[in-house]
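Q: Structure below; questions to follow.
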Amino acid sequence: MSTEIEKLITILHNQQYISTKNFNFTMKNIDILLTKANEFSSKLIDVKFMFEEQLEQLLIQIISTQKDVIIDALRQRHRDEKWIPITLSTNERLEQLYFEFQELGLDSQTFLQPFITINNDVIQIHLAPSTLQFAKAYLTFSRDLFKIHYSLINQTIVEALVELIKLHLKYYERALQKLQNTNEKQLKLFIMKNVEFSLNHLFRHIDTLYKPKIGHSVKYFTKVYEKMSKLKEMATS
17 MSTEIEKLIT
27 ILHNQQYIST
37 KNFNFTMKNI
47 DILLTKANEF
57 SSKLIDVKFM
67 FEEQLEQLLI
77 QIISTQKDVI
87 IDALRQRHRD
97 EKWIPITLST
107 NERLEQLYFE
117 FQELGLDSQT
127 FLQPFITINN
137 DVIQIHLAPS
147 TLQFAKAYLT
157 FSRDLFKIHY
167 SLINQTIVEA
177 LVELIKLHLK
187 YYERALQKLQ
197 NTNEKQLKLF
207 IMKNVEFSLN
217 HLFRHIDTLY
227 KPKIGHSVKY
237 FTKVYEKMSK
247 LKEMATS
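Take the sequence shown: its letter number 210 is residue 226 in the working numbering, and every next letter is one higher.
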């Protein structure tokens, strides 16, 4: 049966149902494949595990490729970052933003509310555009991986999620480094607002979501929070 499964995966790969080019589409197909394999499994034959073994190396490649896509976008966005809040012109745009985050599995109003002010019909999100864009990409990536998570690719998933958030935080560190020994107090506070969102809201959501699945690997998530004290220190100097 293992040979037949390998042939099926090769066919799906060749026909682009499973590929590095369309991550979301691929994850949906993998999810369907593993769900069906689980249905066909029995006490005597674990069909799902056979599929998991055959998919392991291909999934590692797919996850790595998508991670690199997000990294490239992250670099470009931070390179162009002006560190100013986002202003929305209408309440409809705010509702659309809430909807986008809700689609990613969040109580969007609770998630974003601490960072939003409305004065005289002017809606401001006290986050940089790069922060919000990264949040959407990171949440989409983590959601898709969560659906197909299994033990053989656990470490790959954990490492990818940790690498992305650490790189994201590194850009805040570089921004604060440029402001060392300056009087740009408001700008430093704004950057730290983005740090707070990224660590205590965005990453904490991922941490809470994945903790029941990843076992001892949660230690890699825990270490990420250590970045906060260093960034706070930089913001006050």
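Beta carbons are placed, not taken as given, at the ideal position from N, Cα and C, and that holds for glycine.
(1) Consult DSSP for Leu203 and reduce its assignment to one of helix, strand or coil.
(2) I'd like to know if Asn45 contacts chain B, where contact means its C-beta is closer than 8 Å to some C-beta of that chain.
(3) Mapping DSSP to helix, strand and coil, what is Thr103?
(4) Three or more beta-carbon pairs under 8 Å between the stretch 97-107 and the stretch 137-149, yes or no?
(5) In three-state DSSP terms, what is Thr36?
(6) I need the straight-line Cα distance from Leu104 to Arg220, nearest angstrom please.
(7) Would you decide whether Gln82 is buried or exposed? Buried here means 16 or more other CB atoms lie within 10 Å of its CB.
(8) For Gln140, write down the residues that DSSP places opposite it in a beta bridge.
(9) Would Gln171 pass as a contact of Ser233 if the rule is Cβ separation under 8 Å?
(10) Which residues mark the beginning and the end of the alpha helix (DSSP H) in which Ile61 is found?
(11) Anyone know if the C-beta pair for Lys204 and Ala153 falls short of 8 Å?
(12) Are Glu68 and Tyr226 close, meaning C-beta to C-beta below 8 Å?
(13) Please classify Thr156: does DSSP put it in a helix, a strand, or coil?
(14) Would you identify the three-state DSSP class for Tyr226, choosing helix, strand or coil?
(15) Please return the same chain residues whose Cβ sits closer than 6 Å to the Cβ of Asp187, not counting the five positions on each side in sequence.
(16) Determine the DSSP secondary structure at Asn45, reduced to helix, strand or coil.
(17) Ile78: buried (16+ other C-beta within 10 angstroms of its C-beta) or exposed?
(18) Please list the terminal residues of the continuous alpha helix (DSSP H) segment that includes Glu22.
(19) Note down the Cα distance separating Tyr114 from Glu212, rounded to an integer number of angstroms.
(20) Going by alpha carbons, who is nearest to Glu242 out of Gln31, Ile222, Leu185 and Ile48?
A: A quick look at the data gives this:
(1) helix
(2) The chain labelled as chain B is not found in the depicted structure, where only one protein chain is given.
(3) strand
(4) yes
(5) coil
(6) 26 Å
(7) buried
(8) Thr103 and Thr133
(9) yes
(10) It is not in any alpha helix (DSSP H) - Ile61 carries neither H nor E in the DSSP assignment.
(11) no
(12) no
(13) helix
(14) helix
(15) Correcting the residue type first, residue 187 is Tyr in the shown sequence and not Asp. Counting only Cβ-Cβ distances below 6 Å, and skipping sequence neighbours, we find His94.
(16) helix
(17) buried
(18) Ser18 to Asn30
(19) 19 Å
(20) Leu185
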